[in-house]
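Some notes on the structure that comes next.
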Amino acid sequence: MIEFDQVSLEYRPGEFALRNLSFRTEPGAFLFLTGHSGAGKSSLLRLIARLDRPTSGSIQVGNIHYDRLRPRQEASLRQQMGIVFQDNQLLHDRNVFDNVALPLVIGGYRYRDIVRRVPAALDKVGLLNRQSAMPALLSGGEQQRISIARAVVARPRLLLADEPTGNLDPEISDEIMRLLIRFNDAGVSVIVATHDRTLLDDYALPRMTLKAGELTYH
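In our numbering, the protein residues as written are -5 to 212.
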């Protein structure tokens, strides 16, 4: 569950990325976050991921109230989330296995758990046979699937995807969407930020629309 209550994000006096957002999503939801470039989609995802802090208002994810969050709860919160970036943000000096393992290494997982979870995540995205490859040798679609494997390897409850199909052709975009829906079917809440009209038309899923930082439809 995600709940925003009158949340605003002001970068400079009078310059708002988001203004007075209030909404609530239910556990296990799949939601499109739509709007033109610059509407505030990435800013909203960054607030959910606690990469940015709101100027005003309150945010709750699950049973965690962000304005009451204690330092030791930060790690627990991050482990509940997976993030898929448009540019995938893979480490190009590390192979596929090491890229996918990164959240587990940072989270202090034991080696035996890492060597079990990473292949399992790669298998789910159909790239188990590429775990020794370097990212530069992968296609754009494969790189994004690796990014998804990395996002889900710690088995998060919430998956945030920021324009995950932005640089991909329609066939690969559809493949990425089917992957995200599979994870949602397994109980993971998914929020996909996109302005891809074809994607929105092809998948009749709930959506929120942002316009100039304000929620215009829910």
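Every residue, glycine too, gets a C-beta built ideally from N, C-alpha and C.
Computed from a predicted structure; not experimentally measured.
#1: Quick check on residue 283: does DSSP put it in helix, strand or coil?
#2: Within 6 Å: the Cβ of residue 204 and any heavy atom of the ligand MN?
#3: Is residue 50 helix, strand or coil by DSSP?
#4: Excluding sequence positions up to five away, which residues of its chain have a Cβ less than 7 Å from the Cβ of residue 31?
#5: Measure the beta-carbon distance from residue 185 to residue 154 and round it to whole angstroms, keeping in mind my assumption that it falls under 8 Å.
#6: For residue 1, which beta-bridge partners are listed by DSSP?
#7: What residues match up with residue 30 in a beta bridge as DSSP calls it?
#8: Spatial neighbours of residue 164 within its chain, please: C-beta separation below 7 Å, excluding the five flanking residues on both sides.
#9: Tell me the residue span of the beta strand (DSSP E) that contains residue 196.
#10: Beta-carbon within less than 6 Å of residue 143's beta-carbon, same chain only, minus the 5 sequence neighbours each way: which residues are those?
#11: Counting Cβ pairs closer than 8 Å, one from the segment 78 to 85 and one from the segment 53 to 64, do we hit at least three?
#12: Looking at the structure shown, is residue 20 part of a helix, part of a strand, or coil, going by DSSP?
#13: With three or more C-beta pairs closer than 8 Å as the rule, is the segment 129 to 138 touching the segment 44 to 63?
So, to answer that:
#1: Any answer about residue 283 is impossible in this case: the structure gives the chain only from -5 up to 212.
#2: Among the components of this structure there are no ligands whatsoever, and the ligand MN is therefore not found.
#3: Strand, per DSSP.
#4: 189
#5: 5 Å
#6: 15
#7: Paired residue(s): none; residue 30 is not in a bridge.
#8: The beta carbon of residue 164 lies closer than 7 Å to those of 192 in the same chain, with the five residues before and after it left out.
#9: Element bounds for residue 196: not the beta strand (DSSP E) but the alpha helix (DSSP H), 191 to 196.
#10: 94, 115, 116 and 119
#11: no
#12: The DSSP-derived three-state label of residue 20 is coil.
#13: no
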